[in-house]
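The structure under discussion appears below in the form of structure tokens.
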Amino acid sequence: MAMVKLNAAAAVVLSLLVVVAVHPAAADAGGDWYGKKSIEETVRKEVEKAIKHNPGVGAALVRLVFHDCWVNGCDGSVLLDKTPYSSSTEKAAANNIGLDGFDVIDAIKSKLGAAVSCADIVVLAGRDASAILSGGRITYDVGTGRKDGVVSSAAAADAVLPESTFDFAQLKDNFASKGLTQGELVILSGAHSIGVAHFSSFHDRLAAATATPIDNTYASALAADVERQKGVQHTDNPAEKNNIRDMGAAFQSAAGYDAAGVDTAAVGALDNSYYHNNLQNRVLFKSDWVLRTDGDAAADLAEYRDNATKWDVDFAAAMAKLSKLPAEGTHFEIRKTCRCTNQNYY
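Mature numbering (1 follows the signal peptide of the UniProt record, and there is no 0) puts the sequence shown at residues -27 to -1, 1 to 319.
Below is the structure:
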């Protein structure tokens, strides 16, 4: 049964790949247009290959952009296993549970070597994954020339990454601290149309006395599936799909899902289905639900539910802006391998 589901998802992804065009490579200031184009083509081919092999890795690559750039800026620090200063890197942060896609970044780095930083690879791979998972509807340019940081701390990541239990004011302040608007908070939350979440990130939503109401039929179906997945995944903290669209017809029926306006066959697609789900109160995180508690944010949810094309365009612009968050620190390098600093390389 699991294999059938994987093949169905893979079929959707493969159908999306055929419509993704080569991204135009804008020349960096003083840079080599042809060199950048060659880098982008290599990244794109490796991302396509990885998603064909494992459709779920596309969502992981999109997530990596946010989790790298939000901590110390876009500096590849989320990729480090160790640094000269710490063995507890961002990968170990509680808010980074389930991060994936590192093998894809490694494969790209092995092809490109010193021609590009790991930080650039993260934003390029996330950009291409967004294009593939959206069927070519989400495209944007990103420059190159970033350098790799040498500092990575789990504590620092947990201190700045927004948590799934944040209320609206906390989310708004968190995004403002990075120069992003309330509107961009709503836009980027739409990435929860893809990927998975661990039970520890949404268990509060299933509590009997939860302060963030969740649709009762969805909650019951979700609780039952969590118990089933504990056995399947052999863990008390199983992962569930973020999007009820991807949960299959039986689950959707048990959860009372109204799929009007949602392409339920587009399993794993990066699209505006998140907004349909949120306005039905069928999303996992408190941090998603609380967007409904603010008048302006709730209006944006409804607008993106009703206008898929506008969300595609606005999401592309928000991801481009996110990918430009400047690296923080005083020492940078082009790493030989993305998992450790050059000082630790051997």
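We put the CB at the ideal spot given by N, CA and C, even for glycine.
Fair warning: this is a prediction, and the values are worked out from it, not measured in the lab.
Is it buried or exposed for residue i, if we count other Cβ within 10 angstroms and need 16 for buried?
i           : result
N315        : exposed
T154        : exposed
N189        : exposed
residue 332 : Residue 332 lies beyond the stretch modelled for the chain, which goes from -27 to 319, so this question has no answer here.
A87         : exposed
A300        : buried
K22         : exposed
E213        : buried
G163        : buried
G152        : exposed
A289        : buried
R36         : buried
How many Å lie between residue i and residue j at the Cα?
i    : j    : result
K145 : N317 : 38 Å
P211 : E63  : 21 Å
D1   : G49  : Residue placement at D1 is flagged as unreliable, the pLDDT there being 41, under the threshold of 50; the coordinate-derived value follows with that caveat. Answer to the nearest angstrom: the Cα atoms are 20 Å apart.
W262 : D231 : 17 Å
A180 : I187 : 10 Å
R125 : A270 : A quick correction: the sequence has Ser, not Arg, at residue 125. Taking the straight line from one Cα to the other gives about 33 Å.
A32  : V96  : 13 Å
V123 : W43  : 16 Å
K120 : I111 : 26 Å
Under the three-state reduction of DSSP, which class applies to residue i: helix, strand or coil?
i      : result
C42    : helix
C313   : strand
D121   : strand
V(-24) : Per-residue confidence for V(-24) stands at a pLDDT of 32, beneath the threshold of 50, marking its modelled position as unreliable; the derived number appears in the next sentence. Helix.
A80    : helix
K55    : strand
V35    : helix
V263   : helix
A132   : helix
H171   : strand
K151   : coil
H(-5)  : Because the pLDDT at H(-5) is just 38, under 50, the model does not fix this residue reliably, and the value given afterwards should be weighed accordingly. Of the three classes helix, strand and coil, the one that applies to H(-5) here is coil, per DSSP.
D219   : helix
Grab me the residues of residue i's own chain with a C-beta within less than 7 Å of its C-beta, minus the 5 sequence neighbours each way, in chain order.
i    : result
D101 : V16, R17, V20
S246 : S166, N216, R218, V235
A127 : S61, T62, E63, A65, A66
D244 : S107, S166, A281
K82  : C91, I94, T310, C311
K259 : S137, T138, D177, R178, T185
Go to residue i, then tell me how far its beta strand (DSSP E) extends in each direction, as first and last residue.
i           : result
E301        : From DSSP, E301 is part of no beta strand (DSSP E); its letter is neither H nor E.
residue 321 : For residue 321 there is no data in the structure shown, the boundaries of the chain being -27 and 319.
Just curious, the alpha helix (DSSP H) that residue i is in, first and last residue?
i    : result
A164 : Premise fails: A164 is in no alpha helix (DSSP H) and is neither H nor E.
E63  : Where E63 is concerned, there is no enclosing alpha helix (DSSP H), given that its DSSP letter is neither H nor E.
F139 : Neither: F139 is in no alpha helix (DSSP H) and is coded neither H nor E.
F258 : No alpha helix (DSSP H) contains F258, which DSSP labels as neither H nor E.
C91  : 91 to 106
T15  : 6 to 26
Take residue i and list the residues in its own chain whose beta-carbon comes closer than 6 Å to its own, dropping the five residues that flank it on each side.
i    : result
Y191 : A228, R255
Y277 : N245, Y248, W284
For residue i, which residues of its own chain have a beta-carbon under 8 Å away from its beta-carbon, when the five flanking residues on both sides are left out?
i    : result
L158 : L144, K145, F148, L264, A270
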